[in-house]
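Residue numbers (the numbering used here): 151 to 326. Here is the structure we will look at.
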């Protein structure tokens with residue numbers, strides 16, 4: 151029923167990230183072997199995914215004949231980037247992608263829904279060649295297809311990486 155507001159709270163603080171792995175370190179891609187991100191055991195079946203929360207919100211809100219506005223945020227992508235945690239950052243990006251897919255699935259069926267995807271700011275993390283001696287912190291990761299990918303966090307060697315002034319993409323799907 152839409153008679154009363156609904157709020158879903160699923161954790162006392164931040165929800166557990168999808169994947170775990172070591173944080174990037176100074177020349178981590180040169181001095182350390184590549185690592186494989188692993189599923190976070192704290193993220194069990196009792197913790198809803200961003201896609202599940204998105205799907206449920208759409209199910210409830212789409213019953214309103216006047217339409218609805220839903221904002222879905224993958225906030226932990228930013229938190230993991232600040233922490234130079236590539237496994238956390240990439241896993242949370244996968245989560246956001248799955249949530250966007252749920253929104254697009256609804257929009258395609260509905261035909262009258264606009265989906266907009268953007269960010270509120272950019273970070274300096276980037277993928278670099280495996281043998282690069284980059285400034286800042288790096289971490290080599292084993293990818294799903296067996297390649298090595300190196301993440302670089304090049305704008306700080308401190309506890310928190312910083313934002314950049316990069317222009318952001320705005321992608322949209324739906325009616326004009």
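Backbone N, C-alpha and C fix where the C-beta goes; we use that ideal spot for every residue, glycine too. Predicted, not measured: the structure shown is a model, and the values here were computed from it.
Candidates the options: closest to residue i by CA position
i           : options               : result
residue 253 : 237, 190 and 223      : 223
residue 315 : 273, 290 and 283      : 273
residue 164 : 196, 185 and 229      : 229
residue 286 : 240, 179, 159 and 204 : 179
residue 281 : 261, 302 and 271      : 302
residue 195 : 261, 256, 160 and 262 : 160
residue 177 : 309, 193 and 304      : 304
residue 262 : 218, 242, 154 and 309 : 218
residue 231 : 295, 199, 153 and 174 : 174
residue 313 : 249, 225 and 271      : 271
residue 238 : 193, 284 and 298      : 193
residue 297 : 284, 220, 279 and 309 : 279
N- and C-terminal bounds of the beta strand (DSSP E) containing residue i
i           : result
residue 301 : 298-303
residue 240 : Segment 236-260 is the alpha helix (DSSP H) holding residue 240; no beta strand (DSSP E) there.
residue 277 : 276-278
residue 321 : 321-323
Residue i in three-state terms, based on DSSP
i           : result
residue 179 : helix
residue 197 : coil
residue 223 : coil
residue 266 : strand
residue 289 : strand
residue 232 : helix
residue 170 : strand
residue 207 : helix
Residue i, buried or exposed, once every other Cβ within 10 Å from all chains shown has been counted against 16
i           : result
residue 246 : buried
residue 236 : buried
residue 276 : exposed
residue 209 : exposed
residue 241 : buried
residue 318 : exposed
residue 320 : exposed
residue 348 : Residue 348 is absent from the structure shown; the chain starts at 151 and stops at 326.
beta-carbon residue i near the ligand NAP non-hydrogen atom, thresh 7 Å
i           : result
residue 220 : This structure lacks the ligand NAP, and indeed carries no ligand of any kind.
- If you pair each beta-carbon of the region 210-218 with each one of the region 309-325, do three or more pairs fall below 8 Å? These segments do not touch.
- Message: With three or more beta-carbon pairs closer than 8 Å as the criterion, would you say the region 178-198 touches the region 282-298?
- Response: In this structure the region 178-198 lies against the region 282-298, because at least three pairs of beta carbons, one per stretch, are closer than 8 Å.
- Message: Contact between the region 185-196 and the region 160-177 is defined here as three or more beta-carbon pairs at a separation below 8 Å; is this criterion met?
- Response: Judged by Cβ distances under 8 Å, the region 185-196 makes contact with the region 160-177, as three or more pairs qualify.
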